[in-house]
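From first to last, the protein sequence lines are chains A and B.
Residue numbering for the first sequence follows the numbering used here, starting at 17 and increasing by one per position.
Residue numbering for the second sequence follows the numbering used here, starting at 17 and increasing by one per position.
The next block holds one structure in the form of structure tokens; read it before the comments.
2 protein chains.
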Amino acid sequence: MLEEDHILILEDFLPYRLSVLSNTVSNAIAESYGREFGLSIASWRVMAVVGRFPNSSAAQLTSKTAMDKVAISRATAKLEQQGYLQRQADNDDKRRFSLSLSQEGQAIYQKIIPIAKHYESRLLQDFAPEEQVLLKSLMQRLESTVVDW
Amino acid sequence: MLEEDHILILEDFLPYRLSVLSNTVSNAIAESYGREFGLSIASWRVMAVVGRFPNSSAAQLTSKTAMDKVAISRATAKLEQQGYLQRQADNDDKRRFSLSLSQEGQAIYQKIIPIAKHYESRLLQDFAPEEQVLLKSLMQRLESTVVDW
DNA sequence: GGAATTTAGTTTCAATTGCAACCATTTTAG
DNA sequence: CTAAAATGGTTGCAATTGAAACTAAATTCC
């Protein structure tokens with residue numbers, strides 16, 4: 017047992033495997049969106065959330081996208097400049113902006129969602145429905161384990 | 017079914033969940049290594065592989081660390097400058113360097129491995145042994161699905 | 001044997017990111 | 001009511017990263 021304790025087989029190390037898997041998937045999706053629509057991962061996360069919850073504020077996006085406020089600020093600025101997102105000053109709280117998709121943003125959003133779902137299906141293509149449920153439940157347990165790391 | 021097709025619930029979207037999970041885990045580990053030993057994720061991956069396979073070349077590291085050669089170059093340069101890594105010119109091929117840990121690097125390596133394993137155990141703490149096997153086999157299947165994405 | 005190609009690794013420059021400081025507004029507390 | 005603290009969001013600067021170009025050595029192919 018001596019050997020096993022002080023070596024580490026990187027390709028069996030779960031954090032490493034998660035990282036490689038996650039990066040492969042994210043990069044593939046990002047490549048597709050980037051090429052077709054000029055969207056980064058950050059931008060498309062923001063679009064996904066604003067599309068689903070119109071009139072969110074930037075602060076509300078931080079929790080729903082797992083991005084920090086600097087990243088939100090930059091992503092929203094770029095999306096606005098690309099014409100995909102509109103900001104409207106909030107009169108109740110003049111620090112806030114209410115964010116929503118423009119016409120064009122909506123159109124992109126409608127195209128993006130099926131592509132995203134397609135990637136997810138591709139990822140799960142070899143899993144039977146029960147296995148997909150199982151995988152998601154294991155994910156859920158991992159997520160709750162690390163939630164306050 | 018109309019609604020479900022054109023919205024996307026980000027927090028249920030597997031690529032997003034993988035990304036958040038992986039980043040949380042990696043950042044926690046990186047924080048620990050960074051604080052104690054001045055190691056980035058890249059540096060510690062390199063150390064892990066060089067520790068296990070002494071006298072690797074940089075090119076050999078690229079496949080074993082899932083890092084590109086620029087990242088390897090920078091990580092090895094920094095590790096050398098920190099005194100953790102030695103490069104030795106290879107006489108058979110003068111473009112190559114044979115990489116190995118210094119005394120000090122070995123010492124750090126021996127401290128690092130248990131910490132890494134500890135994080136992995138913590139991640140898997142709520143899983144029974146059979147569940148851990150199951151999780152790894154599901155991971156394996158996801159990995160082979162995306163291997164050529 | 002020598003020109004053309006490939007491979008190992010580094011460097012450069014631009015783009016991205018992370019952190020702290022910042023401004024403006026709103027909320028809290030005395 | 002006002003000073004202090006907290007919140008929403010942006011900016012500036014340094015560090016990190018990515019892509020392409022580069023040097024040097026090795027290999028291929030005629």
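Every residue, glycine too, gets a C-beta built ideally from N, C-alpha and C.
**Prompt:** Apart from the five residues just before and just after LEU140 (chain B), which ones in its own chain have a Cβ nearer than 7 Å to its Cβ?
**Reply:** Mapped onto the second sequence, residue 140 (chain B) falls at position 124. If we look at LEU140 (chain B) and ignore the five residues flanking it on each side, its Cβ neighbours are GLN148.
Restricting to Cα atoms, I'd like to know which of A:LEU158, A:ILE25, A:LEU115 is closest to VAL65 (chain B). Position 49 of the second sequence holds residue 65 (chain B). Nearest C-alpha to VAL65 (chain B) among A:LEU158, A:ILE25, A:LEU115: A:ILE25.
| message | Against chain A, does THR161 (chain B) count as a neighbour if the rule is that its beta carbon must be under 7 Å from one of theirs? | response | Working through the second sequence from its first residue, we reach residue 161 (chain B) at position 145. At a cut-off of 7 Å between beta-carbon atoms, THR161 (chain B) makes contact with chain A.
Report the neighbours of SER35 (chain B) on chain A: residues whose CB is nearer than 7 Å to its CB, in chain order. In the second sequence, counting from the first residue as 1, residue 35 (chain B) sits at position 19. Within chain A, the residues near SER35 (chain B) are SER38, SER42.
*asked:* If I follow the unbroken beta strand (DSSP E) through GLN98 (chain A), where does it start and stop?
replied: Working through the first sequence from its first residue, we reach residue 98 (chain A) at position 82. Per DSSP, GLN98 (chain A) lies in no beta strand (DSSP E) and is assigned neither H nor E.
Q: Report the three-state DSSP secondary structure of PHE113 (chain A) (helix, strand or coil).
A: For the purposes of this step, residue 113 (chain A) is taken as the residue at position 97 of the first sequence. It is a strand residue.
N-terminal and C-terminal residue of the alpha helix (DSSP H) that ALA144 (chain B) is part of
Mapped onto the second sequence, residue 144 (chain B) falls at position 128. Where ALA144 (chain B) is concerned, there is no enclosing alpha helix (DSSP H), given that its DSSP letter is neither H nor E.
- request: Kindly indicate which three-state DSSP category ALA74 (chain B) falls into: helix, strand or coil?
  value: Translated into the one-based positions of the second sequence, residue 74 (chain B) becomes position 58. In the three-state reduction of the DSSP assignment, ALA74 (chain B) falls in the helix class, which pools H, G and I.
Worksheet entry | Cutoff 7 Å; reference SER38 (chain B); Cβ partners in own chain excluding five residues on either side | Here residue 38 (chain B) refers to the residue found at position 22 when the second sequence is read from its first residue. By the criterion of a C-beta distance shorter than 7 Å, SER38 (chain B) is surrounded by no residue of its chain, once the five residues flanking it on both sides are discounted.
**Request:** Would you identify the three-state DSSP class for ALA82 (chain A), choosing helix, strand or coil?
**Result:** The residue you call residue 82 (chain A) lines up with position 66 of the first sequence. The three-state secondary structure of ALA82 (chain A), taken from DSSP, is coil.
Quick one: which chain B residues come within Cβ less than 8 Å of LEU26 (chain A)? Along the first sequence, one-based indexing puts residue 26 (chain A) at 10. The answer, in chain order, is ARG61, ALA64, VAL65, ARG68, LYS80, THR81.
- request: Starting from ILE23 (chain A), trace the alpha helix (DSSP H) both ways and give me its first and last residue.
  value: On the first sequence, position 7 is the one that residue 23 (chain A) refers to. Per DSSP, ILE23 (chain A) lies in no alpha helix (DSSP H) segment and is marked neither H nor E.
- Task: Output the distance between the C-alpha atoms of ALA58 (chain B) and ALA105 (chain A), rounded to the nearest integer angstrom.
- Result: Here the question's residue 58 (chain B) lines up with position 42 in the second sequence. Here the question's residue 105 (chain A) lines up with position 89 in the first sequence. ALA58 (chain B) and ALA105 (chain A): Cα-Cα distance of roughly 43 Å.
- For MET63 (chain A), which residues from the same chain have a beta carbon less than 6 Å from its beta carbon, with the 5 sequence-adjacent residues on both sides left out? On the first sequence, position 47 is the one that residue 63 (chain A) refers to. The residues are TYR125.
Using a C-beta to C-beta distance shorter than 9 Å, which residues of chain B count as neighbours of ASP142 (chain A)? Looking up residue 142 (chain A) in the first sequence gives position 126. By Cβ distance, chain B contributes ARG157, LEU158, SER160, THR161.
Can you say whether ALA91 (chain A) is buried or exposed, counting buried as having 16 or more other CB atoms within 10 angstroms of its CB? Mapped onto the first sequence, residue 91 (chain A) falls at position 75. Note on ALA91 (chain A): 16 or more other CB atoms within 10 angstroms of its CB, so buried under the neighbour-count rule.
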